[in-house]
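Engineer: For reference, each letter of the sequence shown is one residue, going 31 to 678 in my numbering. One structure coming up, written as C-alpha cells, with questions to follow.
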Amino acid sequence: MAKAGQTEPIEALLKEGRKFPPSKDFVKQAQVKSASIYKDAGGDLVRFWEKQAKRLRWMRPWKKALEWKLPYAKWFVGGKLNVSDNCLDRHVEGPHKNKAAFIWEGEPGDSRVLTYRDLWREVNRFASALSKHGVKKGDAVTIYMPMIPELPIAMLACARIGAPHSVVFGGFSPESLSDRINDCKSRIVITSDGGYRRGGTVPLKKNTDGALKACSFVSTVIVYRRTGQEIAWQDGRDVWWHDFIKTGDAYIKPEPMDAEDMLYLLYTSGSTGKPKGIIHTTGGYLTGITATHRMIFDLREDDVYWCTADIGWVTGHSYIVYGPLANGATSVMYEGTPDYPDKDRFWRIVEKYGVTILYTAPTAIRTFVRWGEQFPNRCDLSSLRLLGTVGEPINPEAWVWYWQVIGRRKCPIVDTWWQTETGQILITPLPGITVAKPGSATRPFPGVSADVVNDKGESVDAGYLVLKKPWPAMLRGIYGDPERFVKQYWSQVPGVYFTGDGAKRDEDGYFWLLGRIDDVMNISGHRVSTMEVESALVDHPAVAEAAVIGRTHDIKGQAIAAFVTIKSSVTATDPLKDEIKAHVAKKIGALARPDDVIYAAELPKTRSGKIMRRLLRDVAEGRALGDTTTLADPAVVADLKQKYEDAE
Ligand code: PRX
C-alpha cells in the first residue's frame with residue numbers, strides 16, 4: 031500500500047457486490063427513518079449538533095456553538111455541564127431511577143445489577159471520598175482495573191469532581207502503566223487486587239506495584255478487592271476501596287464544568303514509540319457520543335445493549351460508559367473471555383439477559399466463525415435485533431456469517447468506523463435507512479464531512495481518509511505535545527484532519543476502509559505501533575537491531591512479525607525466539623507479543639539507512655518482492671525471503 035508522501039495510488043482489489051437493506055419490520059420502528067437527515071445536517075452541521083446538544087442537561091447554556099481555528103475546535107463555548115450529572119442525576123430524578131444501568135457478569139459466573147440509583151449512590155460516595163482526599167478539578171487520576179462495575183464508578187466519580195481520568199487497559203504491562211502515569215503525573219492510582227480472565231487471575235495490584243517503582247510521586251493507591259488473591263501492601267500509600275469509600279458523604283454536588291474542560295485522557299499508539307495522551311473534553315464529546323449511540327444503535331427504552339469491548343479502550347469509554355448512560359440505556363458488562371468456561375459464553379450471556387443490541391469486533395467474529403456454529407446455535411439468540419462491529423475492516427465473509435448465524439438474517443449490522451482520536455463514530459450505516467454492503471462502513475454520519483484524497487488534498491476514488499470539518503467529540507490535542515498534534519493530524523494534507531487510514535469510495539459514495547497507511551498495526555482491533563515493539567525488542571540483551579511489520583492474520587487481522595539481527599556473541603536458537611517474544615509481552619503487554627521472530631543477518635535498508643518495511647511486508651506475506659533498486663544491498667532481502675520460507 032502507498033505511504034503518505036509517495037505517489038502510487040492505493041490499490042483496492044476487493045469487489046463486493048452483495049447488498050442488504052434493513053427489513054420492513056426494522057424500518058417501521060426505527061429511530062431514524064428518513065434520509066433527509068443527511069441533507070439537513072449537511073446543510074447546517076452546527077445547527078444539527080446544537081440540536082443534539084440540547085438533549086443534554088446544561089448548567090449554563092453555551093454562547094457560541096462552534097469556534098474553529100484550525101486545528102483547534104471549541105464546541106459549545108461558554109456552556110457548563112457535568113457528565114456524571116447527565117449520566118446519573120438526570121435519570122435518578124425521573125422514571126429511570128430504578129432502571130438497570132449495568133447488568134454485570136463476572137467471569138466466574140457471579141452477577142450484579144446496578145440501577146441508575148445504585149450507580150448514582152456509589153459514584154457520589156466515591157467522588158466525595160476522592161474530594162475529601164484532596165483530589166481537585168484538573169487533577170489527573172489513573173485507573174487500572176478489570177471489567178467490574180467499580181471501573182465505571184471510578185470514572186464517573188472523577189467526572190463528577192472534574193478530575194480527568196486516564197484509564198489504562200488491564201492487559202498492559204507494568205512498564206506501559208508507568209509510562210502513562212509518568213506522562214500525566216497522576217498522584218492517585220485506582221486498581222484492584224486482580225481480575226478474572228480465562229479461568230485465571232490477572233495480577234493488577236502486583237503490576238501496579240511494579241509500575242510505581244518508576245513513579246515515586248504517586249501518593250495513593252486505592253485497591254478494590256475483586257479476587258481476594260495475595261498482594262503486597264505499602265502502608266501509607268495503599269488503601270482498600272471499601273475503607274476509602276466510607277470516608278465519602280452520600281452526596282456531592284457535580285462540579286460545573288466548562289464545555290471545553292478535559293473529561294479524560296486516553297493513551298493510544300501512534301507511529302512513534304511513545305504513546306499519545308489523547309485529550310477529550312466535556313460538552314462536545316458527550317453530545318457526539320450520545321447522539322451517535324442513540325441513532326446508530328437505534329436505541330429504545332427497553333433495549334438490553336451489550337458492547338463487548340474493554341473499557342480500557344475508547345470503545346468502552348464512549349459506548350459502554352458515557353454514551354449509554356447519558357441515554358439512560360441498560361447495558362450488559364462482562365468481565366472475562368468468550369471461551370470461559372466454554373466457547374458459547376457470549377451466547378449464554380445474550381440468552382440469559384435477553385440482549386437486543388450486540389456491538390463487538392471483527393476479530394471476535396472471526397474467532398467465532400472458526401469455533402463453529404454449534405456454539406451460538408445451542409443458545410436462544412432471538413432477542414437480538416441489531417448487531418454492530420468496530421475496530422478494523424470486517425471481511426465480507428465474516429460479516430455475512432455474523433448476519434446469518436448470530437443475526438438470523440433479521441438484524442441489520444452497523445459497521446462503525448472511528449478512532450480514539452475521533453471520540454465518536456464517524457462513518458457508519460444508520461440501520462433504518464442504509465442498505466448495507468458487507469465490508470463497507472458505508473457513509474459518514476450526518477453532520478460529518480469525510481473525504482478520500484491524494485497528497486494534494488484532491489478527492490480521488492482511492493487514497494487517504496480525511497475529515498474536512500470539525501465534529502463535536504474530536505480530540506482537542508495530545509497531552510503535553512501540541513507540536514506532535516499538528517504534525518500527526520494536520521500536516522500531511524493541509525487544512526484537514528488526517529486519519530492515517532486508507533480508503534476507497536464506490537459509485538454509491540460508500541466508504542471502504544483499507545487499513546492503516548502509517549507505522550501503526552491493528553492487532554485484534556487494537557493499535558500497536560511498530561516503533562513501540564521495535565524498542566521493546568532492542569531492549570532484549572541479545573537483540574542488536576529490529577524491524578517490525580504487521581502481516582495478515584486470519585483471526586487477529588494483523589499479526590506482528592519481528593525481523594531481528596542479534597549480537598555476534600549470541601547464538602540464534604528457537605528458545606531465544608520465545609524469550610524475545612516473551613520479553614516484548616512483558617514490556618508492553620500480551621497484545622504486542624510477536625507471532626514470528628525472524629533472525630536476519632542484516633535488515634534491508636536504503637542507502638540512507640532507512641529500513642524498508644515495505645519489503646519486509648512482502649517477505650512476511652509471501653509476495654513477490656517489490657522494487658529493490660533503492661536497497662543498499664539487494665541480496666539482504668532475497669536472503670531473508672529464503673529464511674522466512676524455510677522457517678514456515
Ligand atoms: O484503522 C482504523 C481502525 O482502527 C483505527 C482506530 O483504532 P483505535 O483508535 O484503537 O480505535 C478503535 C475503536 C474505535 C482506525 O484508524 N478501525 C476502527 N473501526 C474500523 C476500522 N477500520 C475499518 N472499519 C472499521 N469499522
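Every residue, glycine too, gets a C-beta built ideally from N, C-alpha and C. As the structure is a computational prediction, the values presented were derived from the model and not from experiment.
#1: With a cut-off of 8 Å, do at least 3 Cβ pairs link the stretch 318 to 325 to the stretch 76 to 96?
#2: So which of 146, 243, 269 has the shortest CA-CA distance to residue 117?
#3: CB residue 475 to CB residue 449, shorter than 9 Å?
#4: Here's the rule: buried if 16 or more other CB atoms are within 10 angstroms of the residue's CB, otherwise exposed. What is residue 265?
#5: Just how far apart, CA to CA, sit residue 598 and residue 588?
#6: Please go through the stretch 320 to 395 and give each complete beta strand (DSSP E) segment of 3 or more residues, from N-terminal end onward.
#7: What did DSSP end up calling residue 425 once you bin it into helix, strand or coil?
#8: Spatial neighbours of residue 413 within its chain, please: C-beta separation below 8 Å, excluding the five flanking residues on both sides.
#9: Identify whether residue 148 lies in helix, strand or coil by the three-state DSSP scheme.
#10: I'd like the ranges of any beta strand (DSSP E) spanning at least 3 consecutive residues and lying wholly in the stretch 66 to 140.
#11: Cβ of residue 552 versus every heavy atom of ligand 1: is any distance shorter than 8 Å?
#12: Measuring alpha carbon to alpha carbon, tell me which of 565, 652, 585 ends up nearest residue 576.
#13: Which of helix, strand or coil does DSSP assign to residue 435?
#14: Can you tell me which of the three DSSP states residue 191 falls into?
#15: Within 10 angstroms of the Cβ of residue 522, are there 16 or more other Cβ atoms? Answer buried if so, exposed if not.
#16: In the structure shown, what three-state DSSP assignment does residue 590 receive?
#17: If contacts are defined as beta-carbon pairs under 8 Å, then residue 622 and residue 563 qualify, I think. What distance do you get, rounded to the angstrom?
#18: Would you check whether ligand 1 has a heavy atom nearer than 8 Å to the C-beta of residue 48?
#19: From residue 605 to residue 670, what does the alpha carbon distance come to, in whole angstroms?
#20: Name the one or two DSSP bridge partners that residue 551 has.
#21: Just to check, is the beta-carbon of residue 588 closer than 8 Å to a non-hydrogen atom of ligand 1?
#22: Tell me which residues share the same chain as residue 67 and place their Cβ nearer than 7 Å to its Cβ, disregarding the 5 neighbours each side in the sequence.
#23: Under a three-way DSSP split, which group does residue 482 fall into?
#24: In whole angstroms, give me the CA-to-CA distance for residue 616 and residue 203.
#25: Since residue 98 contacts residue 119 with CB under 8 Å, what's their CB separation in whole angstroms?
#26: Under 8 Å: does the beta carbon of residue 619 sit that close to some heavy atom of ligand 1?
#27: Please report how far the alpha carbon of residue 157 lies from the alpha carbon of residue 74, in whole angstroms.
#28: Here's the rule I'm using: 16 or more other beta-carbon atoms within 10 Å means buried, otherwise exposed. How should residue 442 be labelled?
#29: Between the alpha carbons of residue 480 and residue 471, how many angstroms are there, rounded?
#30: Starting from residue 613, trace the alpha helix (DSSP H) in both directions and tell me its first and last residue.
#31: Expressed to the nearest angstrom, what Euclidean distance is found between the alpha-carbon atoms of residue 559 and residue 404?
#32: Using 8 Å for Cβ pairs, my map puts residue 660 next to residue 636. What's the rounded Cβ distance?
#33: Do residue 263 and residue 423 have their beta-carbon atoms positioned less than 9 Å apart in this structure?
#34: Along the chain, where does the alpha helix (DSSP H) that runs through residue 535 open and close?
#35: To which residues does DSSP link residue 64 through a beta bridge?
#36: Cα separation between residue 280 and residue 115?
Structural biologist: The relevant details are as follows:
#1: yes
#2: As a position in the sequence shown, residue 117 is number 87, starting the count at 1. Out of 146, 243, 269, 146 has the C-alpha closest to the C-alpha of residue 117.
#3: Looking up residue 475 in the sequence shown gives position 445. Looking up residue 449 in the sequence shown gives position 419. No.
#4: For this step, residue 265 is matched to residue 235 along the sequence shown. Classification for residue 265: exposed.
#5: Residue mapping note: residue 598 aligns to position 568 of the sequence shown, counting from 1. Residue mapping note: residue 588 aligns to position 558 of the sequence shown, counting from 1. So the two alpha carbons sit approximately 31 Å from each other.
#6: 334 to 337, 360 to 364, 387 to 390
#7: Counting from one through the sequence shown, the residue named residue 425 turns up at place 395. Residue 425 falls in the coil class under three-state DSSP.
#8: As a position in the sequence shown, residue 413 is number 383, starting the count at 1. Contacts found: 334, 380, 381, 384, 385, 386.
#9: Numbered from 1 along the sequence shown, position 118 holds the residue referred to as residue 148. Three-state DSSP puts residue 148 in a helix.
#10: 94 to 99, 102 to 107, 130 to 135
#11: Taking the sequence shown and counting its residues from 1, the one referred to as residue 552 is at position 522. Checking the Cβ of residue 552 against ligand 1 gives yes.
#12: Along the sequence shown, read from residue 1 onward, the residue named residue 576 stands at position 546. With distances taken between Cα atoms, residue 576 lies closest to 565.
#13: For the purposes of this step, residue 435 is taken as residue 405 along the sequence shown, with counting starting at 1. It is helical.
#14: The residue you call residue 191 lines up with position 161 of the sequence shown. In the structure shown, residue 191 sits in a helix (DSSP, three-state: H, G or I).
#15: Within the sequence shown, numbered from 1, the residue matching residue 522 stands at position 492. It counts as buried.
#16: Here residue 590 corresponds to residue number 560 of the sequence shown, with the count starting at 1. In this structure, residue 590 counts as strand in the three-state DSSP scheme.
#17: Residue mapping note: residue 622 aligns to position 592 of the sequence shown, counting from 1. Residue mapping note: residue 563 aligns to position 533 of the sequence shown, counting from 1. Yes, they are in contact, since the Cβ atoms of residue 622 and residue 563 sit about 6 Å apart, within 8 Å.
#18: Start at 1 with the first residue of the sequence shown, and residue 48 comes out as number 18. Outside the cutoff, so no.
#19: Taking the first residue of the sequence shown as 1, we reach residue 605 at position 575. Taking the first residue of the sequence shown as 1, we reach residue 670 at position 640. Going by the C-alpha atoms only, they are around 20 Å apart.
#20: Against the sequence shown, residue 551 aligns to sequence position 521. For residue 551, which the question treats as bridged, DSSP gives the partners 558.
#21: Along the sequence shown, read from residue 1 onward, the residue named residue 588 stands at position 558. No, Cβ of residue 588 sits at least 8 Å from all heavy atoms of ligand 1.
#22: In the sequence shown, the residue the question calls residue 67 occupies position 37. Only 476 meet the Cβ criterion.
#23: The sequence position of residue 482 within the sequence shown is 452, counting from 1. Reduced to three states, the DSSP call for residue 482 is strand.
#24: In the sequence shown, counting from the first residue as 1, residue 616 sits at position 586. In the sequence shown, counting from the first residue as 1, residue 203 sits at position 173. The straight-line gap from Cα to Cα measures roughly 6 Å.
#25: Position 68 of the sequence shown, counted from the start, is the residue given in the question as residue 98. Position 89 of the sequence shown, counted from the start, is the residue given in the question as residue 119. That belief does not hold up - the Cβ atoms of residue 98 and residue 119 are roughly 32 Å apart, past 8 Å.
#26: In the sequence shown, residue 619 corresponds to position 589, counting from 1. Checking every heavy atom of ligand 1 against the Cβ of residue 619, none is found closer than 8 Å.
#27: Taking the sequence shown and counting its residues from 1, the one referred to as residue 157 is at position 127. Taking the sequence shown and counting its residues from 1, the one referred to as residue 74 is at position 44. Whole-angstrom Cα-Cα distance: 39 Å.
#28: Here residue 442 corresponds to residue number 412 of the sequence shown, with the count starting at 1. With 16 or more other Cβ atoms within 10 Å, it is buried.
#29: For this step, residue 480 is matched to residue 450 along the sequence shown. For this step, residue 471 is matched to residue 441 along the sequence shown. Taking the straight line from one Cα to the other gives about 12 Å.
#30: For the purposes of this step, residue 613 is taken as residue 583 along the sequence shown, with counting starting at 1. Taken as a continuous stretch (DSSP letters only), the alpha helix (DSSP H) holding residue 613 covers 604 to 618.
#31: The residue you call residue 559 lines up with position 529 of the sequence shown. The residue you call residue 404 lines up with position 374 of the sequence shown. About 37 Å.
#32: Taking the first residue of the sequence shown as 1, we reach residue 660 at position 630. Taking the first residue of the sequence shown as 1, we reach residue 636 at position 606. Confirmed, Cβ separation roughly 5 Å.
#33: If you number the sequence shown from 1, residue 423 lands on position 393. If you number the sequence shown from 1, residue 263 lands on position 233. It is not a contact, given that the beta carbons lie outside the stated cut-off.
#34: As a first step, residue 535 must be located in the sequence shown, where it is residue number 505. Per DSSP, residue 535 belongs to no alpha helix (DSSP H); it is in the beta strand (DSSP E), 527 to 535.
#35: Taking the sequence shown and counting its residues from 1, one reaches residue 64 at position 34. According to DSSP, which records beta bridges pairwise, residue 64 is partnered with nothing at all.
#36: The count along the sequence shown starts at 1 and reaches residue 280 at position 250. The count along the sequence shown starts at 1 and reaches residue 115 at position 85. If I take the Cα positions, the gap works out to 15 Å.
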